[in-house]
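Reading through the structure tokens given below for one structure.
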Amino acid sequence: MQGSVYHLNKADIRKAEIINTDIAETMAAGEILLSIDKFALTANNITYAATGDIIGYWQFYPAPSPWGIVPVWGVATVIASTCDEIKEGERLYGFLPFASHITMRPGKIKPGSFIDAAEHRSKLPPIYNDYLRLGSDAPADPRTEDIQMLFQPLFATSFLLHDFFMGKNCFGAQNIILGSASSKTAMGLARLFARYASPDRTIIGLTSTSNKAFVAGLGDYNRTLGYDEISALPTDTPSLYIDMSGNAQVKRALHGHLGDALVYSCAVGISHWEQFEEPGDMPGAKPVFFFAPDHALRRRKDWGGQVLQQKIGTELMDWAKEGMDWLQIEPTSGMENAAQVFSDIRDGKVNPKIGHVVALTE
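With the first letter of the sequence shown counted as 1, position 198 gets the number 198 in my numbering; the numbers rise by one all the way through.
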């Protein structure tokens, strides 16, 4: 059986290759072979690649040096199984490789989920190791499944950020400034703040000039500014900055302008990966990196994993029903076209209204 995998050069994510592979059909006892049906591509995948060594995303699906395999969130079908509890034809959702196939060893199997018990994944964050069992039937509304792939991983980060900051009373900030405001993580977070934050707090979106109208039209930001308008931010109001972009130039400008008014600076993503660098000493609060899996682990202990997922899922579906009229899902098929979409997202050439879903099977 023939398959394919998309490799990125770990030292330079502009370099890539598509490798055709022979899929081994002989499996050890207790394994399943998956055909990856479809997955979402977002700025989140760029962050996975840009922080692959720092955070460890390259470790989920190892590749020969100098290559790495970018993880994606998607749906796959079991096409062969030596695991008694999981049958051929079953579909699942979770953290998959940018590839056509993958072999897993299910563990902790429950009616609705399992983990991949492969040895190399045992020490990696558990939030990436839960797979939802979807049964064998395709969904009645494919858009629901597409929204799950596009938004669930990003909105989970939005939810966890909101939970963290509300638990800290936003560190006393009255202005909540979100960098890369057109990113899906920022949009989800802005929606949660708009729904639950006290009315005396102002939610401000920072974005590129080309995306200002789109961000303002979402209705969840009280104010929208371009990156060249940072000087318009008030310097006499306690402010919180949540940075989805990793753009060091923007961060330095914002810290320099706000100074001591910046009571907390949070680093989340690296969608502007080429502008990412350690910004050095700056006025205001020292930037602190927020690693969502760590906060998720705390909430799993507090609430239980099922309750956490239910809370995230309920908020996401409410958003999907009430506030996603702007979303245009754009399907793409085939590995080569998928590679081009990844390149466009990496190079900042995508419209924030578009949600990219890649189908590798007919």
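Glycine residues also receive a C-beta, built at the ideal position from the N, C-alpha and C atoms. Only a predicted model underlies this, so the values are computations on that prediction, with no experimental measurement involved.
Roughly how many angstroms separate the alpha carbons of His255 and Gly205, rounded to a whole number? Residue 255 sits at position 255 when you count from the first residue of the sequence shown. Residue 205 sits at position 205 when you count from the first residue of the sequence shown. Spanning the two alpha carbons is a distance of roughly 16 angstroms.
Going by alpha carbons, who is nearest to Leu178 out of Thr224, Leu218, Met149, Lys108? To locate residue 178, count along the sequence shown from 1; it is residue 178. The residue with the shortest Cα to Cα distance from Leu178 is Thr224.
Count the C-beta pairs between the segment 13 to 22 and the segment 79 to 86 that are closer than 8 angstroms, then say yes if the count reaches three, no if not. Segments in contact, no.
Is the segment 60 to 76 close to the segment 91 to 110, with three or more CB pairs under 8 angstroms? The segment 60 to 76, when compared against the segment 91 to 110, does touch it at the 8 angstroms Cβ threshold.
Would you identify the three-state DSSP class for Leu218, choosing helix, strand or coil? By 1-based counting over the sequence shown, the position of residue 218 is 218. Secondary structure at Leu218: coil, using DSSP grouped into helix, strand and coil.
Close Cβ partners of Gly226 (< 8 angstroms) along its chain, the five nearest in sequence each way excluded: Walking along the sequence shown from the start, residue 226 turns up at place 226. Within its own chain, the residues whose Cβ lies closer than 8 angstroms to the Cβ of Gly226, once the five positions on either side in sequence are excluded, are Leu206, Thr207, Ser208, Thr209, Lys212, listed in chain order.
Cα-Cα, which of Glu90, Leu132, Phe164, Glu145 is closest to Phe289? Locating residue 289 in the sequence shown gives position 289, counting from the first residue. That would be Phe164, whose Cα lies nearest to the Cα of Phe289.
Could you tell me which residues DSSP puts in a beta bridge with Trp58? Within the sequence shown, residue 58 is the residue found at index 58, counting from 1. DSSP output for Trp58 lists no bridge partner at all.
Taking just the CA atoms, how far does Ala253 sit from Pro106? To locate residue 106, count along the sequence shown from 1; it is residue 106. To locate residue 253, count along the sequence shown from 1; it is residue 253. Here the alpha carbon of Pro106 sits roughly 48 angstroms from the alpha carbon of Ala253.
Short of 6 angstroms in beta carbon distance, which residues of its chain neighbour Phe342, apart from the five on each side in sequence? Order them along the chain. Looking up residue 342 in the sequence shown gives position 342. If we look at Phe342 and ignore the five residues flanking it on each side, its Cβ neighbours are Leu41.
Have a look at Phe193 and Ser180 and give me their C-alpha separation to the nearest angstrom. Taking the first residue of the sequence shown as 1, we reach residue 193 at position 193. Taking the first residue of the sequence shown as 1, we reach residue 180 at position 180. Taking the Cα positions, Phe193 is about 16 angstroms away from Ser180.
Could you check which residue in Pro62, Leu150, Ala24 has the C-alpha nearest to that of Val358? Walking along the sequence shown from the start, residue 358 turns up at place 358. If we check each option's Cα against that of Val358, Leu150 comes out closest.
Among Ala267, Leu8, Lys15, Gln148, which has the Cα closest to the Cα of Ala248? Position 248 of the sequence shown holds residue 248. Measuring C-alpha to C-alpha distances from Ala248 to each of Ala267, Leu8, Lys15, Gln148 identifies Ala267 as the nearest.
Assuming Ile312 and Ala156 form a contact by the criterion Cβ under 8 angstroms, report the distance between their Cβ atoms to the nearest whole angstrom. As a working mapping, residue 312 is identified with position 312 in the sequence shown. As a working mapping, residue 156 is identified with position 156 in the sequence shown. The pair is a contact, with the Cβ atoms about 5 angstroms apart (cut-off 8 angstroms).
Could you name the residues that DSSP lists as bridge partners for Tyr93? Within the sequence shown, the letter at position 93 stands for residue 93. Paired residues: Val75, Leu132.
Just to confirm the assignment: which complete alpha helix (DSSP H) runs, minimum length 4, are found wholly within the segment 293 to 356? Listed in chain order, they are 305 to 323, 335 to 346.
Which residue's Cα is closest to the Cα of Pro238: Ala173, Ser65, Leu360? Here residue 238 corresponds to residue number 238 of the sequence shown, with the count starting at 1. The shortest Cα separation from Pro238 among Ala173, Ser65, Leu360 belongs to Ala173.
Tell me Phe291's beta-bridge partners as DSSP assigns them. Reading the sequence shown from its first residue, position 291 is the one you call residue 291. Paired residues: none, contrary to the question.
With a 10 Å radius around its C-beta and 16 neighbouring C-beta atoms as the bar for buried, classify Asn45 as buried or exposed. In the sequence shown, the residue the question calls residue 45 occupies position 45. Its Cβ being crowded by 16 or more others within 10 Å, Asn45 is buried.
Suppose the cutoff is 8 angstroms on Cβ atoms and the five residues either side in sequence are ignored; what does the same chain contact list for Asp344 look like? Along the sequence shown, read from residue 1 onward, the residue named residue 344 stands at position 344. By the criterion of a C-beta distance shorter than 8 angstroms, Asp344 is surrounded in its chain by Val350, once the five residues flanking it on both sides are discounted.
Helix, strand or coil at Phe98 [DSSP, three-state]: As a first step, residue 98 is located in the sequence shown; it is residue number 98 there, counting from the start. DSSP places Phe98 outside both helix and strand once states are collapsed to three, so it counts as coil.
Is the Cβ of Lys311 closer than 8 angstroms to any Cβ of chain B? Checking the listed chains, one finds no chain B in this structure; it contains a single protein chain.
Per-residue burial, Gly188 [other beta carbons within 10 Å of its own, 16 or more giving buried]: Walking along the sequence shown from the start, residue 188 turns up at place 188. So Gly188 ends up on the buried side.
Less than 8 angstroms separating the beta-carbons of Ser136 and Gly89? Taking the sequence shown and counting its residues from 1, one reaches residue 136 at position 136. Taking the sequence shown and counting its residues from 1, one reaches residue 89 at position 89. Against a cut-off of 8 angstroms, the Cβ pair of Gly89 and Ser136 comes out as a contact.
Val307 burial status per 10 Å Cβ neighbour count (16 or more: buried): The residue given as residue 307 occupies position 307 in the sequence shown. The residue is exposed, with fewer than 16 neighbouring Cβ atoms inside 10 Å.
Assign Trp273 to one of three DSSP states: helix, strand, or coil. The count along the sequence shown starts at 1 and reaches residue 273 at position 273. With a pLDDT of 41 at Trp273, under the threshold of 50, the modelled position of that residue is not reliable, and the figure given next carries that caveat. Helix.
Shortest alpha-carbon distance to Cys170 belongs to which of Asp200, Gln152, Ile329, Thr51? Counting from one through the sequence shown, the residue named residue 170 turns up at place 170. Nearest of Asp200, Gln152, Ile329, Thr51 to Cys170, Cα basis: Asp200.
How about Ile102 and Ile36: do their beta carbons lie closer than 8 angstroms? Numbered from its first residue, the sequence shown carries residue 102 at position 102. Numbered from its first residue, the sequence shown carries residue 36 at position 36. It is a contact, given that the beta carbons lie within the stated cut-off.
To the nearest angstrom, report how far apart Pro331 and Leu92 are at their CA atoms. Within the sequence shown, residue 331 is the residue found at index 331, counting from 1. Within the sequence shown, residue 92 is the residue found at index 92, counting from 1. The straight-line gap from Cα to Cα measures roughly 20 angstroms.
Compute the Euclidean distance between the alpha carbons of Pro352 and Pro283, then round it to the nearest angstrom. Position 352 of the sequence shown, counting from 1, holds the residue named residue 352. Position 283 of the sequence shown, counting from 1, holds the residue named residue 283. Rounded to the nearest angstrom, the two C-alpha atoms are 32 angstroms apart.
Just mark His7 as buried or exposed, buried being the case when its beta carbon has 16 or more other beta carbons within 10 Å. Here residue 7 refers to the residue found at position 7 of the sequence shown. By the neighbour-count rule (16 or more Cβ atoms within 10 Å), His7 is buried.
Could you have a look at Asp243 and say whether DSSP puts it in helix, strand or coil? The residue given as residue 243 occupies position 243 in the sequence shown. If DSSP states are grouped into helix, strand and coil, Asp243 belongs with the strands.
Hey, quick one: how far does the beta strand (DSSP E) through Ser265 stretch, first residue to last? To locate residue 265, count along the sequence shown from 1; it is residue 265. Under the DSSP assignment, Ser265 falls in the beta strand (DSSP E) whose first and last residues are 262 to 267.
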